[in-house]
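Peer 1: Positions in the sequence shown are counted from 1; adding 2 to them yields this note's numbering. Cβ coordinates follow ideal geometry from the N, Cα and C atoms, glycine included.
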Amino acid sequence: MEKYFASLPGEDKEKVKAQRVLELNPDHTAFTALAKAFESDKDKAKVMAEVLYNQALLIAGLPIDNPSDYAEKVCSLF
Numbered sequence: 003m004e005k006y007f008a009s010l011p012g013e014d015k016e017k018v019k020a021q022r023v024l025e026l027n028p029d030h031t032a033f034t035a036l037a038k039a040f041e042s043d044k045d046k047a048k049v050m051a052e053v054l055y056n057q058a059l060l061i062a063g064l065p066i067d068n069p070s071d072y073a074e075k076v077c078s079l080f
């Protein structure tokens with residue numbers, strides 16, 4: 003809905019922002035890796051969660067706040 007309202011003409015409209023929720027599939031390997039990182043390295047788990055969230059935004063066609071920070075975090079996981 004955010005994308006739809008943002009595409010409407012007019013400058014005086016308020017920006018509609020939806021509350022974003024990241025849902026994870028507990029059977030997915032990404033969730034398993036995140037859970038293991040949370041147990042052993044909380045800093046790495048934080049980076050992984052931020053990367054997953056930004057990937058979800060990109061998949062939904064929404065912008066991310068800092069693309070260069072996102073790229074740096076992705077590279078830091080290797």
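Looking only at its own chain, which residues have a Cβ that is under 7 Å from the Cβ of A39, when we skip the five neighbours before and after it?
Peer 2: Correct list, in chain order: K46, A47, M50.
Peer 1: Less than 7 Å between the C-beta atoms of A58 and L26, yes or no?
Peer 2: Not closer than 7 Å, so no.
Peer 1: Count the other CB atoms, across all protein chains shown, that sit within 10 Å of the CB of N56; report buried if there are 16 or more and exposed otherwise.
Peer 2: Label assigned to N56: buried.
Peer 1: What does the alpha-carbon distance come out to for the pair V53 and F7?
Peer 2: About 26 Å.
Peer 1: What are the boundary residues of the alpha helix (DSSP H) that includes P69?
Peer 2: 69 to 78 is the span of the alpha helix (DSSP H), which, as asked, contains P69.
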